[in-house]
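Taking it in order: structure first as structure tokens, then the write-up.
Numbering (the numbering used here), first residue to last: 380 to 791.
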């Protein structure tokens, strides 16, 4: 996610005050422990078991968004093993990036594989972080970013348009929508700041000439422009950018609410209505507690928290009353990990374990992180691999929490 250039203020009263957890609706007596036939998962990088483990990514020892190794597993893989099911495999693999750097690998649909989650996937929009259509560094890697709604449809297309009712289905999503929304707001705020500075430059030049700070070298005083821009950017520019963000932040928070409602509708209409009986929906962790967010302003952290809370609240509301859904409140557990790390055996919750410098990590991402490019020191109990993704320890803690909820529901 691009760092936000201007503070993105969110009025607290405009944000949904909280998000719920646990199962939905009036609790029924728990059913006997279930023996599932298979596991199906839809989501993003948190659940991706190797969509991009091809080409240069594979050559660098990567493929998952964590500290990669032969034994590193994400939470869906851990749960599958606990349930006695086959190890999940990526339903689709490939990359659509630069061929010259080994990031152009033909897309392959893998028969029999039902882990559809992809790094960069959004809920509905097909263009997520890492997709080449976003340009810049995204075009180098070229992640596929098939959205959750399409992931579900792909599974239906491969299975006669239905679920068997004997599989366990995992659904998650939302963070990539938040990253895109925050970046879009940042870009718009930056544009507003640039426009304000541009409009103020002539007046600033006149002031500089009058004070003797700049002596014009030509009729346009072009040599005075850089100093004028430098003087205006932290004042006029910053004020305009912050004002734009404050005035428009709620629009982007509302967009996250829409995404939450959409995900709930996909669970209801494309999963439950198509025969699934055991659906685990995991809400968004609090994005304001990631290393990336902690490096930014308090206003930006408030915005990210507001986006997360709003998405989760709308997702929960859309699934209320359905006893075939187990709603797992990862948001609350994630915040407890951050607030009480020692209780979970965590030594660090603010620093990435991976060395993300270009010399050590060409993508600046845990996607190609391994034991070969960690920071110095003991990182075995670090929570974050990069600025937003968990280490294997973090993944195991997620899995433990999901496992607890499955046991309480007698689904495990």
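Quick reminder that beta carbons are idealized off the backbone N, C-alpha and C, glycines included. These numbers come from a predicted model, not from an experiment.
- Cβ contact annotation for residue 773 (same chain, cutoff 6 Å, sequence separation greater than five): 762, in chain order.
- At a Cβ-Cβ threshold of 8 Å, residue 738 and residue 458 do not count as neighbours.
- Ranked by Cα distance from residue 709, the first of 627, 522, 744, 668 is 668.
- Residue state for residue 639 is assigned as helix, using DSSP reduced to three classes.
- When the alpha-carbon of residue 767 is set against those of 674, 670, 658, the nearest one is in 670.
- Residue 700 sits exposed, since fewer than 16 C-beta atoms from the chains shown fall within 10 Å of its C-beta.
- When the Cα atoms are used, residue 735 and residue 413 turn out to be separated by approximately 43 Å.
- With fewer than 16 other Cβ atoms inside 10 Å of its own Cβ, residue 488 counts as exposed.
- When DSSP states are grouped into helix, strand and coil, residue 633 belongs to the helix group.
- Between the alpha carbons of residue 439 and residue 703 lies a distance of about 41 Å.
- Taking the CA atoms as reference points, residue 556 sits about 5 Å from residue 501.
- In the structure shown, residue 535 falls within a helical segment according to DSSP collapsed to helix, strand and coil.
- Within the segment 463-516, no run of alpha helix (DSSP H) reaches 4 residues while sitting entirely inside it.
- In this structure residue 426 is in contact with residue 551, their Cβ atoms being roughly 6 Å apart against a cut-off of 8 Å.
- Membership of residue 547 in the beta strand (DSSP E) is indicated by the continuous run 547-550.
- Here residue 694 is buried, its C-beta having at least 16 other C-beta atoms within 10 Å.
- The C-beta of residue 677 has fewer than 16 other C-beta atoms within 10 Å across all chains shown, which makes the residue exposed.
- For the pair residue 535 and residue 656, the CB atoms are not nearer than the 8 Å cut-off.
- Straight-line measurement puts the Cα of residue 722 at about 12 Å from the Cα of residue 728.
- When DSSP states are grouped into helix, strand and coil, residue 719 belongs to the coil group.
- Take the alpha-carbon of residue 590 and the one of residue 572: they are about 25 Å apart.
- Taken in chain order, no unbroken stretch of alpha helix (DSSP H) lies wholly in the segment 713-768 with a span of 4 residues or more.
- Burial check for residue 424: the Cβ neighbour count within 10 Å reaches 16 or more, so the residue is buried.
- Note: residue 420 is bridge-paired with 494, 549 in the DSSP secondary-structure output.
- Approximately 5 Å separates the beta-carbon atoms of residue 482 and residue 520; this is inside 8 Å, confirming the contact.
- The three-state secondary structure of residue 436, taken from DSSP, is helix.
- In this structure, residue 649 and residue 531 form a Cβ contact; the two beta carbons are roughly 5 Å apart against a cut-off of 8 Å.
- If you draw a 10 Å sphere on the C-beta of residue 665, you find 16 or more other C-beta atoms in it, and that means buried.
- A direct Cα-Cα distance of roughly 54 Å separates residue 760 from residue 602.
- Of 547, 730, 508, 582, the smallest CA-CA separation from residue 788 is found for 547.
- For the options 567, 475, 479, 561, the alpha carbon positioned closest to that of residue 525 is the one of 475.
- In this structure, residue 467 sits away from residue 450, with a CB-CB distance that is not shorter than 8 Å.
- A straight line joining the alpha-carbon of residue 430 with that of residue 472 spans about 4 Å.
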